[in-house]
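Asker:
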Amino acid sequence: MPHDSTPPPQRIAWIDCLKGVAIALVVVHHGIEHLLFALGMDSRAVEILDALFVRFRMGAFFLASGILAASALGRGLPDFLDRKLVPLAWTLVVWTLVGSLFGAWVAPLYREQALPSLADVVVNPQGNLWFVHALIVFNAVCYAALRAPRAVASLSVVAAVVLYLGVPDLPPVLYRILEYYPFFAAGALFGHGIVEFFRVPARVWTALAAGSAMFAAAAGAELAGVDSDALVLVMRVAAVAAAIACIRLLTRWRPVATALGYLGRNSLYIFLLHQFLIALMRAAYEAGWPLPGSDLGLLATATAVALGGSLLLKSLLMRAGAGWLFAPPPALRRRGRHADASRAGRRRVRDLRPAAVAALPLLAATGAAACLAAAPDALAIRLLGDLPLGSFVAPLVPCGLAGAAVVLATPRAAPRRLSVASLTLAAAWLPVSVALAGNLALQFRGWRGAAWLGFSLAVMLGALAALGWTLTAAARARHRRRVAPA
Numbered sequence: 001m002p003h004d005s006t007p008p009p010q011r012i013a014w015i016d017c018l019k020g021v022a023i024a025l026v027v028v029h030h031g032i033e034h035l036l037f038a039l040g041m042d043s044r045a046v047e048i049l050d051a052l053f054v055r056f057r058m059g060a061f062f063l064a065s066g067i068l069a070a071s072a073l074g075r076g077l078p079d080f081l082d083r084k085l086v087p088l089a090w091t092l093v094v095w096t097l098v099g100s101l102f103g104a105w106v107a108p109l110y111r112e113q114a115l116p117s118l119a120d121v122v123v124n125p126q127g128n129l130w131f132v133h134a135l136i137v138f139n140a141v142c143y144a145a146l147r148a149p150r151a152v153a154s155l156s157v158v159a160a161v162v163l164y165l166g167v168p169d170l171p172p173v174l175y176r177i178l179e180y181y182p183f184f185a186a187g188a189l190f191g192h193g194i195v196e197f198f199r200v201p202a203r204v205w206t207a208l209a210a211g212s213a214m215f216a217a218a219a220g221a222e223l224a225g226v227d228s229d230a231l232v233l234v235m236r237v238a239a240v241a242a243a244i245a246c247i248r249l250l251t252r253w254r255p256v257a258t259a260l261g262y263l264g265r266n267s268l269y270i271f272l273l274h275q276f277l278i279a280l281m282r283a284a285y286e287a288g289w290p291l292p293g294s295d296l297g298l299l300a301t302a303t304a305v306a307l308g309g310s311l312l313l314k315s316l317l318m319r320a321g322a323g324w325l326f327a328p329p330p331a332l333r334r335r336g337r338h339a340d341a342s343r344a345g346r347r348r349v350r351d352l353r354p355a356a357v358a359a360l361p362l363l364a365a366t367g368a369a370a371c372l373a374a375a376p377d378a379l380a381i382r383l384l385g386d387l388p389l390g391s392f393v394a395p396l397v398p399c400g401l402a403g404a405a406v407v408l409a410t411p412r413a414a415p416r417r418l419s420v421a422s423l424t425l426a427a428a429w430l431p432v433s434v435a436l437a438g439n440l441a442l443q444f445r446g447w448r449g450a451a452w453l454g455f456s457l458a459v460m461l462g463a464l465a466a467l468g469w470t471l472t473a474a475a476r477a478r479h480r481r482r483v484a485p486a
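Taking UniProt numbering, I'd label the letters of the sequence shown as residues 1 to 486.
What follows is the structure, encoded as structure tokens:
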């Protein structure tokens with residue numbers, strides 16, 4: 001894991017910004033969990049906010065970490081150990097001891113107050129250090145996967161998903177590893193393809209529309225009482241895709257990109273240090289310090305102190321010569337070896353083909369259509385504001401079809417323009433429907449019902465036409481390439 005807060009030339013701005021957003025939300029979550037709730041505050045708004053962010057916070061963090069790890073994963077074994085596993089193992093051991101001593105002598109930090117055994121460090125890391133523990137496992141597995149056939153590498157992701165969904169009562173550490181390995185593996189194995197996908201503005205808007213619609217549908221089902229790990233996984237994937245798209249758009253504004261990128265490049269330091277500051281704030285408030293007037297005020301104060309204090313503390317520790325807290329001493333590291341092996345390994349990092357990317361929105365469209373056909377009673381469940389669950393699911397069909405067309409269509413060609421227009425109409429279906437009905441229940445009167453049916457039919461036919469035209473154009477282009485003289 002990089003310890004240099006200066007971005008090297010090969011770093012991509014939005015990846016650092018994604019980590020910056022993720023680490024800020026981690027701090028917010030720990031402020032809610034270990035400060036607000038621990039002090040007996042109970043805010044429904046804060047609880048809903050945290051439940052929303054938890055769906056993509058760590059998935060986004062692990063995806064970004066996987067993309068940034070791809071270079072080290074492609075190197076020879078000695079260099080990989082030097083750049084990844086040894087620093088991560090050092091971090092886990094050192095900060096386990098620091099956390100235990102702090103909790104025993106200063107203020108409660110983790111539930112474990114005594115010095116942990118070696119077995120605890122290996123199989124049951126304390127507190128937020130499960131993240132470092134997971135990174136060690138993920139890097140080791142992906143290092144092997146990159147050197148295996150493509151089918152075997154993909155099988156590691158499938159196996160993690162199957163175990164996560166199919167095996168009940170897993171130990172917490174193993175459950176989290178299986179839950180987040182697919183995100184890290186996607187970044188490590190297919191990071192170049194993900195980066196290339198989000199270079200194209202049309203694809204960014206596709207991811208934003210499709211991801212938001214999928215997340216809304218899954219969230220509606222969860223609010224309706226559906227309890228399923230598969231549903232949670234769908235929500236995480238959709239939320240991460242939409243979050244990346246949002247960040248790609250936000251980073252066009254330089255001040256935002258600079259601030260979030262700085263947080264992202266210093267995310268390890270913030271991750272390790274912020275809980276000590278939150279623990280100190282909790283101890284101070286319990287000792288009688290006056291609290292801010294509102295839950296949100298306390299949360300904002302805690303977040304600002306934890307983020308700013310972590311960066312300040314990191315700077316002071318580095319100047320005091322305590323950099324060994326974050327990286328192993330030179331005697332344990334061997335930089336610069338096996339450069340040829342690293343270049344050969346980097347060439348093996350997998351890419352995503354457009355057809356594989358297009359399969360994702362098509363899968364969403366197929367699943368939504370199946371839900372509409374097979375579970376009409378469940379789709380009639382009323383959500384917040386009397387909005388039917390089916391109204392969240394229905395737009396997934398045209399969004400998925402049009403999204404696949406956008407991915408497959410040739411840039412600046414007529415099918416691409418139709419695909420983007422169809423995707424825009426599909427994404428606008430729900431707000432237009434509510435505007436036509438004049439109510440969230442989508443109960444139409446008079447001419448409004450006919451207008452809504454016409455609009456819905458146009459959206460669906462437009463998505464089908466866009467996908468059909470795109471596939472036809474692709475087939476013709478492929479045929480021309482085959483028959484063209486050499």
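Ideal placement from N, C-alpha and C gives every residue a C-beta, glycine not left out.
Apart from the five residues just before and just after glycine 191, which ones in its own chain have a Cβ nearer than 6 Å to its Cβ?
Answerer: Ile67, Ala70
Asker: Round the Cβ separation of methionine 460 and proline 388 to the nearest angstrom and send it over; I've been treating them as touching at under 8 Å.
Answerer: In fact, because the Cβ distance is near 18 Å, the residues do not count as touching under 8 Å.
Asker: By the three-class DSSP mapping on this structure, what secondary structure does proline 411 have?
Answerer: coil
Asker: Just to confirm, is the Cβ distance from phenylalanine 183 to tyrosine 269 under 8 Å?
Answerer: no
Asker: Over what stretch of residues does the alpha helix (DSSP H) that includes glutamine 275 continue unbroken?
Answerer: 267-286
Asker: With phenylalanine 53 as the anchor, note down where its alpha helix (DSSP H) starts and where it stops.
Answerer: Here the alpha helix (DSSP H) through phenylalanine 53 covers 44-53.
Asker: Using the three-state DSSP reduction, which class does valine 200 fall into: helix, strand or coil?
Answerer: coil
Asker: Evaluate residue 498 with the Cβ neighbour count: other Cβ atoms within 10 Å of its Cβ, from every protein chain shown; 16 or more gives buried, anything less gives exposed.
Answerer: Limits of the chain in this structure are 1 at one end and 486 at the other, which puts residue 498 out of reach.
Asker: Taking the continuous alpha helix (DSSP H) assigned at histidine 34, which residues delimit it?
Answerer: From DSSP, histidine 34 is part of no alpha helix (DSSP H); its letter is neither H nor E.
Asker: Restricting to Cα atoms, I'd like to know which of Asn128, Glu47, Asn139, Met58 is closest to aspartate 82.
Answerer: Looking from the CA of aspartate 82, the closest CA among Asn128, Glu47, Asn139, Met58 belongs to Asn139.
Asker: If you count every other CB in all the chains shown that lies within 10 Å of the CB of tyrosine 50, and 16 or more means buried, which is it?
Answerer: Position check: residue 50 holds aspartate in this sequence, whereas tyrosine was assumed. Under this definition aspartate 50 is a buried residue.
Asker: Does the beta-carbon distance from residue 501 to leucine 39 come in below 8 Å?
Answerer: As displayed, the chain neither begins before 1 nor continues past 486, which places residue 501 out of reach and without an answer.
Asker: I need the straight-line Cα distance from threonine 470 to arginine 416, nearest angstrom please.
Answerer: 7 Å
Asker: Please report the residue range of the alpha helix (DSSP H) in which tryptophan 289 lies.
Answerer: Note, tryptophan 289: premise wrong, no alpha helix (DSSP H); not H, not E.
Asker: Under three-state DSSP, which class holds leucine 317?
Answerer: helix
Asker: Since alanine 185 contacts glycine 211 with CB under 8 Å, what's their CB separation in whole angstroms?
Answerer: Incorrect: roughly 19 Å between the Cβ atoms, too far for contact.
Asker: Look at the Cβ atom of alanine 245, then the Cβ atom of leucine 280, and state whether they are nearer than 8 Å.
Answerer: no
Asker: What residues in its chain sit with their C-beta under 6 Å from that of alanine 64, if we drop five residues either side in the sequence?
Answerer: Ile15, Leu18, Lys19
Asker: What first and last residue would you give for the alpha helix (DSSP H) that runs through aspartate 79?
Answerer: 77-80
Asker: Which same chain residues, not among the five before or five after alanine 188, have their C-beta less than 6 Å away from its C-beta?
Answerer: So the list reads Gly66, Ala69, Ala70, Leu73, Cys142, once near-sequence residues are dropped.
Asker: Since I believe alanine 22 is in contact with arginine 57 (beta carbons under 8 Å), could you give me their beta-carbon distance rounded to a whole number of angstroms?
Answerer: 6 Å
Asker: With three or more beta-carbon pairs closer than 8 Å as the criterion, would you say the stretch 400-410 touches the stretch 418-428?
Answerer: yes
Asker: Going along the chain, which unbroken runs of the alpha helix (DSSP H) with 4 or more residues stay wholly within the stretch 138-204?
Answerer: 150-166, 172-197
Asker: Tell me the residue span of the alpha helix (DSSP H) that contains phenylalanine 56.
Answerer: Careful: phenylalanine 56 lies outside any alpha helix (DSSP H) and carries neither H nor E.
Asker: Shortest alpha-carbon distance to phenylalanine 131 belongs to which of Ala160, Leu170, Ala60?
Answerer: Ala60
Asker: Counting C-beta neighbours from all protein chains within 10 Å, is the total for alanine 463 16 or more, i.e. buried, or is it exposed?
Answerer: buried
Asker: Between the C-alpha atoms of alanine 427 and alanine 217, what's the straight-line distance to the nearest angstrom?
Answerer: 13 Å
Asker: State the CB to CB distance for the pair arginine 176 and alanine 145, rounded to an integer number of angstroms; the pair is presumed to be in contact (CB under 8 Å).
Answerer: So it is not a contact: roughly 19 Å between Cβ atoms.
Asker: Which residues in the same chain have their Cβ closer than 7 Å to the Cβ of phenylalanine 80, if we skip the five residues on either side of it in sequence?
Answerer: The beta carbon of phenylalanine 80 is closer than 7 Å to those of Ala72, Leu73, Tyr143 in its chain, skipping five residues each way along the sequence.
Asker: On the premise that leucine 436 lies in contact with arginine 448, defined as a C-beta separation below 8 Å, what is that separation, rounded to the nearest angstrom?
Answerer: 5 Å
Asker: Whose C-beta lies closer than 7 Å to the C-beta of residue 500 among residues of the same chain, with five residues either side of it excluded?
Answerer: The displayed coordinates of the chain run from 1 to 486. Any statement about residue 500 would go beyond what the structure contains.
Asker: Give me the Cα-Cα distance between proline 7 and glycine 76, rounded to the nearest whole angstrom.
Answerer: Unreliable positioning characterises proline 7 in this predicted model, as indicated by a pLDDT of 42, which lies under 50. A coordinate reading is not provided.
Asker: Taking the continuous alpha helix (DSSP H) assigned at serine 456, which residues delimit it?
Answerer: 447-483
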